[in-house]
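Numbering (mature numbering (1 follows the signal peptide of the UniProt record, and there is no 0)), first residue to last: -20 to -1, 1 to 516.
Shown next, in structure tokens, is the structure this report addresses.
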Amino acid sequence: MKIIIISGIFIHFFVYFSIADEEFVHPGLLHTNEDFERIKNKIELKEEPWLSAWKQFNTSRFARPNYSPRPQKIIYRGIGYPQNYITLCQDIAAAYCAAINWKITGNTSYADKSVEIMNAWSSTLTSIQGNNDIALAGGIYGCHFANVGEIMRSYKGWKAEDFNKFKGMMVNIFFNAGWGRILGNQPTSGSKRFYYSNWDLAQIGMAIAVGVLTDNREMFNEAIRVYKSDWYWGASSQFIYYLHPGYFGQTQEAGRDQGHNTLSIGLGGILCEMAWNQDVDLYGWDNNRFLAGAEYTAKVNYNFNGSGFADIPYITYANYYGNAVVQTMLGPGKGNNRPIWSLIYNHYENRMGISAPWSKKYAIAMRPEIGSGNINGGNGGSYDFLGFGTLLYQQDTISESCYPEGLTARVNGTKVDLNWWGPVYGINYSIQRSTTINGKFKTIKKKIGTQILTYTDSPGRGTFYYRVLTNGSTCAASNIAKAFIGTKLYFSLSFKNVSNGSLPIDLSENKFSIKLFNGASVGVGIKGKQTALSLN
């Protein structure tokens, strides 16, 4: 049996502390000071759903002020090992609850408890060991623990040397337990084994969290780069790899099972929120691609009050390599209810004004969202999320939002497929078309409903411009999307007014820059008044 050891003793020199290029916002991971002020005010005013959520929060078994930590020298995760990672999960949950209680009530006994738990682990833990699951332990629990430290960093009762020791543990043990693998976890040709999106997403979130905690801009930026790339399993375009009509984004793990599928969505929401609080918009990246995945997953799993599961399209998924893992239908376990939806719904609807109907349904149905360790009998999966989303992420309902956005026009043969994001209060969508961008737009379709925001047009040959309106003329139109049907001129060189030493220009709409290589040149033609292009 191969054992993998990540130890703070053996690799203590691998420290990622650095001088940041820009200052981070502190606290600035899942929660900011503005968030805590909002929550306190809502509780003081006895407003719902915050008041009920606060009462539920304080019934958690991890919100006890007399909780006793149980630090371990070695944490094991993985089949075949003496798995004890639940002990770590429970202590993190208790430290988190204590930190939240301190920020809301101001009671320093809770702050002292949170610090006690963090100090106990940073002075005891030496390594994370096990099989490849140590990457999940380092990623998920590392992200959670870093969030606790970020909340508590301003507490005067936490000594500077203890805070530094905690940061050292987060880098040398948690970060090193998994991040190195994310760059090498791509499948090899012919292999059926590969890592799913949740592995990478856990690591990306952890690197964002530890980067902010330790003021390491390089670490933070690398995590953002990986999410925005096109290659890694946790990259946005791979994690949510296919867009169905209406911007329903089929996720990589949808055909595996819904437990892992909702895990990936929850991890994605966490990393987007932490980046958002550092002024990096991953929520909106690639035309709100994360929302597309969230809405798809919510629609797959929603089944409250006897509503039944909704129909939703699925295309066959396979990884890139020969002898691929192939999934031809939605995976089992529909109805997997995790405390992840309040965060997603409140960002898109109440911050941004973008309709997220399926995420909203889920968030409301699960109010108040429970906390870590309080679902599924307290098994390992119940600690995947810190939870308490109704209390911590609920915003006031947005007062105004009525213009569509994110309109795209994709040519499919002789047809144009239009998709867009609707506003929270959008109804009765209309499609308009013009043959010039500044010309008169003519309405070609009225009264499109709100269930699936898509329309297919058959305009004939030519160049066309589209926009979408809702609620009649009372709201602004969407962005304009362009489509071309026909044979398109890709490249056209003009040698007019070209002389020795100058270059031709591209007359096509692409306007390519012209460069000559390997001895190619422009000169005087044979008859003297013409231009010669020599490729020798």
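We put the beta carbon where it would ideally sit given N, CA and C, even for glycine.
{"Asked": "Runs of 4 residues minimum, wholly inside the region 137 to 221: which ones carry the alpha helix (DSSP H) assignment?", "Found": "140 to 149, 159 to 162, 177 to 193, 197 to 208, 216 to 219"}
{"Asked": "Using alpha carbons as the reference points, say which of N46, V95, V190, R41 lies closest to Q70.", "Found": "R41"}
{"Asked": "How about K49 and E96: are their beta carbons less than 8 angstroms apart?", "Found": "Just to set this straight, residue 49 is Pro in the shown sequence, not Lys. For P49 and E96, yes; Cβs fall inside 8 angstroms."}
{"Asked": "In three-state DSSP terms, what is T511?", "Found": "strand"}
{"Asked": "Going along the chain, which residues of its own chain have a beta-carbon closer than 7 angstroms to the beta-carbon of L323, five neighbours each way excluded?", "Found": "G249, E253, G369, Y373"}
{"Asked": "Would you give the residue range spanned by the beta strand (DSSP E) that L109 belongs to?", "Found": "For clarity, residue 109 is Gln in the given sequence; the question names Leu instead. Start and end: 107 to 110."}
{"Asked": "Looking only at its chain, what residues have a beta carbon closer than 7 angstroms to the beta carbon of E329, apart from the 5 residues adjacent to it on each side?", "Found": "S335, A336, K340, I378, V404"}
{"Asked": "How many angstroms separate the CA atom of R390 from the CA atom of P62?", "Found": "53 angstroms"}
{"Asked": "With distances taken from CA atoms, which of L25, P45, D376, I108 is nearest Y56?", "Found": "I108"}
{"Asked": "In angstroms, rounded to a whole number, what distance separates the CA positions of A457 and Q307?", "Found": "40 angstroms"}
{"Asked": "Between W400, F421, I424, which has its C-alpha nearest I432's C-alpha?", "Found": "W400"}
{"Asked": "Round the Cβ separation of G137 and A91 to the nearest angstrom and send it over; I've been treating them as touching at under 8 angstroms.", "Found": "6 angstroms"}
{"Asked": "Taking the Cβ atom as the reference point for each residue, do V190 and G288 lie within a distance shorter than 8 angstroms?", "Found": "no"}
{"Asked": "If you follow the beta strand (DSSP E) that R444 is in, where does it begin and where does it stop?", "Found": "Strictly speaking, residue 444 in this sequence is Phe, with Arg absent from that position. Per DSSP, F444 belongs to the beta strand (DSSP E) from 442 to 449."}
{"Asked": "Please list, in chain order, all residues of the same chain as Y135 whose beta carbon is under 7 angstroms from its beta carbon, the five residues on each side excluded.", "Found": "A91, V95"}
{"Asked": "Going straight from the alpha carbon of G239 to that of G333, what length do you get?", "Found": "29 angstroms"}
{"Asked": "State the DSSP-derived secondary structure class of I(-16), mapped to helix, strand or coil.", "Found": "Any reading at I(-16) must be qualified, since the residue scores a pLDDT of 39, below 50, and its modelled position is unreliable; the value itself is stated next. Looking at I(-16) - three-state DSSP - the assignment turns out to be strand."}
{"Asked": "Return the bridge partner residues of L473 from the DSSP annotation.", "Found": "D486"}
{"Asked": "Is it buried or exposed, Q230, if we count other Cβ atoms within 10 angstroms and call 16 or more buried?", "Found": "buried"}
{"Asked": "Would a C-beta distance cut-off of 8 angstroms place T194 and V151 closer than the cut-off?", "Found": "yes"}
{"Asked": "Excluding the 5 residues flanking S89 on each side, which residues of the same chain have their C-beta closer than 8 angstroms to its C-beta?", "Found": "P45"}
{"Asked": "Would you mind giving the Cβ-Cβ distance between A117 and A157, rounded to the nearest angstrom? I have them listed as a contact below 8 angstroms.", "Found": "6 angstroms"}
{"Asked": "Candidates R413, T277, C455: which alpha carbon is nearest G402's?", "Found": "C455"}
{"Asked": "Got a sec? Which residues, its chain only, sit under 6 angstroms from Y297 by beta carbon, not counting five neighbours each side?", "Found": "G235, Q307"}
{"Asked": "Hey, T388 and A274: beta-carbon distance below 8 angstroms or not?", "Found": "no"}
{"Asked": "Drop a sphere of 10 angstroms on the beta-carbon of N359, count the other beta-carbons inside from all chains shown, and report buried for 16 or more, exposed for fewer.", "Found": "exposed"}
{"Asked": "Can you tell me whether S(-3) is helix, strand or coil according to DSSP?", "Found": "Residue placement at S(-3) is flagged as unreliable, the pLDDT there being 41, under the threshold of 50; a coordinate-derived value is accordingly withheld."}
{"Asked": "Check whether the region 485 to 504 touches the region 414 to 424, taking contact to mean three or more Cβ pairs, one atom from each stretch, closer than 8 angstroms.", "Found": "no"}
{"Asked": "Quick one: what does DSSP say D259 is sitting in, helix, strand or coil?", "Found": "coil"}
{"Asked": "Around the C-beta of K172, are 16 or more other C-beta atoms found within 10 angstroms, so that it is buried, or is it exposed?", "Found": "No answer about K172 holds up, because its pLDDT of 41 lies below 50 and its placement is not dependable."}
{"Asked": "Is it buried or exposed, K420, if we count other Cβ atoms within 10 angstroms and call 16 or more buried?", "Found": "exposed"}
{"Asked": "If you draw a straight line from the C-alpha of F475 to the C-alpha of A463, how long is it?", "Found": "30 angstroms"}
{"Asked": "For T143 versus I72, is the C-beta distance shorter than 8 angstroms?", "Found": "According to the sequence provided, residue 143 is Phe. The question's Thr does not apply to it. No, these two residues do not count as a Cβ contact at 8 angstroms."}
{"Asked": "Name the two residues that bound the continuous beta strand (DSSP E) containing E385.", "Found": "385 to 392"}
{"Asked": "Take the Cβ of G119 as the centre, count every other Cβ of all protein chains shown within 10 Å, and call the residue buried at 16 or more, exposed below.", "Found": "buried"}
{"Asked": "Suppose you measure from the CA of T168 to the CA of I295; what does that come to, to the nearest Å?", "Found": "Confidence at T168 is low in this model, with a pLDDT of 46, below 50, so its placement is unreliable and the value that follows should be read with caution. Taking the straight line from one Cα to the other gives about 24 angstroms."}
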